[in-house]
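Chains as they are written, first to last, in my numbering: chain Z, 1 to 203; chain P, 204 to 406.
Working notes for the structure below.
2 protein chains.
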Amino acid sequence: MKLYDAPFAPNARRVRIFLAEKGVSIPSVEIDLARLEQRSPAFTALNPFQRVPALELDDGTVIAESVAICRYIDELHPAPPMFGLDALDRALIEMWQRRLELSLFYPVTQAFRHSHPAMKVMESTQIAQWAEVNKARAIEAMALVDKALGARPFIAGERFSIADVTGLVALDFAKPARIAISEEFANLRRWREALAARPSAKA
Amino acid sequence: MKLYDAPFAPNARRVRIFLAEKGVSIPSVEIDLARLEQRSPAFTALNPFQRVPALELDDGTVIAESVAICRYIDELHPAPPMFGLDALDRALIEMWQRRLELSLFYPVTQAFRHSHPAMKVMESTQIAQWAEVNKARAIEAMALVDKALGARPFIAGERFSIADVTGLVALDFAKPARIAISEEFANLRRWREALAARPSAKA
């Protein structure tokens with residue numbers, strides 16, 4: 001197996017954290033996003049959607065999309081379970097992974113892509129107003145997650161899951177996106193600190 | 204169980220098609236999106252993220268997010284399998300479900316929400332330029348899906364899956380979003396016609 005990785009890409013980091021939590025190591029190849037290597041003919045042949053990360057299997061099959069790669073790794077290395085243990089657990093983890101991705105991770109990355117000068121190369125039509133809408137949405141999502149967390153250790157319950165990975169990466173990416181995490185969100189900040197203290201967060 | 208549904212919402216339709224394919228019927232309650240009933244105190248108590256669909260279980264647990272609901276139904280009613288049969292199959296279905304959702308479904312719905320006058324009530328900051336960017340992205344995604352499909356009957360291989368549901372709903376929603384599906388995309392059109400001919404498409 002070979003993992004196509006990129007050091008600063010939040011989606012690539014989701015896979016690295018997941019692998020670290022599983023204690024799994026996969027040889028990786030770095031794709032230089034700043035030089036648009038993801039659009040090169042060689043990488044496009046691997047993933048026509050031109051996105052990193054991508055996992056190439058020994059028979060040449062390519063699994064693209066961060067969560068699809070994580071799910072595959074979870075099937076090969078079931079312990080610790082990070083997609084849930086039974087039907088309801090799996091559904092609630094999927095629900096939280098999606099809520100965090102669509103309502104927090106996505107707005108944070110959109111705010112960054114549509115406001116940071118360095119992103120002009122990837123986001124040819126940067127729309128300042130869209131960045132602002134997404135900053136506001138990210139903060140709304142932080143408020144909802146803060147409330148939902150309450151005193152729970154992890155977003156989907158008592159166990160660390162793929163949803164926590166998405167949450168940590170989104171919150172860490174709020175800094176380059178210039179979205180402050182309000183002091184008011186005490187549960188959210190406690191959750192983030194606990195996730196950031198895990199060895200996997202260095203990935 | 205009780206399904207909170209909305210007739211014109213594409214995410215709600217994904218669940219209805221999925222249930223029809225499974226031959227499962229769940230009593231439903233209609234949420235009137237045009238009147239913003241999803242933001243009412245009663246619905247917000249069920250789903251603080253104020254999105255439809257949502258599935259309320261008999262013990263009061265709420266599963267929100269279309270794909271999370273489908274995954275739960277798939278666990279309760281495994282036949283026919285629509286999330287894959289083994290590790291690789293499940294990963295490739297997840298990959299295609301995500302590609303179709305993020306690269307096609309999402310741009311199509313964004314184009315609609317940011318251009319249609321009736322959407323002003325839900326999308327308070329409509330950005331015409333963002334609608335245009337997303338129209339172009341949806342067409343790019345159609346080209347990639349057309350090429351990937353080739354002569355395959357379904358997007359993730361030989362079996363109908365959740366990814367096909369997402370694809371059909373996205374392509375059907377291209378019409379209200381005013382995005383034409385080019386005659387040039389012959390594989391895509393054949394795929395869509397075959398999906399649209401299944402009884403579940405009426406859901």
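For every residue, glycine included, the Cβ atom is placed at its ideal position computed from N, Cα and C.
In this text the structure is predicted, and so the values were computed from the model without any measurement.
Rounded to whole angstroms, P:GLU326 and Z:PRO27 show a C-alpha spacing of 44 Å.
DSSP, reduced to helix, strand and coil, places P:LYS338 within a helical segment of the structure shown.
When Cβ-Cβ separations below 9 Å define contact, Z:TYR4 makes no contact with chain P. The alpha helix (DSSP H) runs lying completely inside the region 259 to 345 of chain P and spanning 4 residues or more are 269 to 279, 290 to 303, 309 to 316, given in chain order. Z:GLY157 has Z:PHE154 as its beta-bridge partners, per DSSP. Assignment of Z:LYS2 by DSSP, reduced to helix, strand and coil, places it in the strand class. Z:ASP164 is outside the set of residues whose beta carbon lies under 9 Å from a beta carbon in chain P.
Here P:SER243 carries a coil assignment [DSSP, helix/strand/coil]. A direct Cα-Cα distance of roughly 5 Å separates P:TYR275 from Z:ALA91. Taking a 10 Å sphere around the C-beta of Z:ALA118, we find fewer than 16 other C-beta atoms and assign the residue as exposed. Residue pairing of Z:ALA163 in beta bridges, as defined by DSSP: absent, with no partner found. With a threshold of 9 Å between beta carbons, Z:PHE49 makes contact with chain P. For P:GLN332, the chain Z residues whose C-beta falls within less than 9 Å of its own C-beta are THR125, ILE127, GLN129, TRP130, listed in chain order. If you look at Z:GLU183, you'll find it isn't in any beta strand (DSSP E); DSSP assigns it neither H nor E. The DSSP-derived three-state label of P:VAL232 is strand. Residue contact check for P:MET298 against chain Z: a CB pair falls below 9 Å.
The alpha carbon of Z:ALA131 has as its nearest neighbour, out of Z:PRO80, Z:HIS116, Z:VAL145, Z:LEU57, the alpha carbon of Z:HIS116. Leaving aside the five residues that flank P:PRO402 on each side, the residues in its chain whose CB is nearer than 7 Å to its CB run, in chain order, ALA223.
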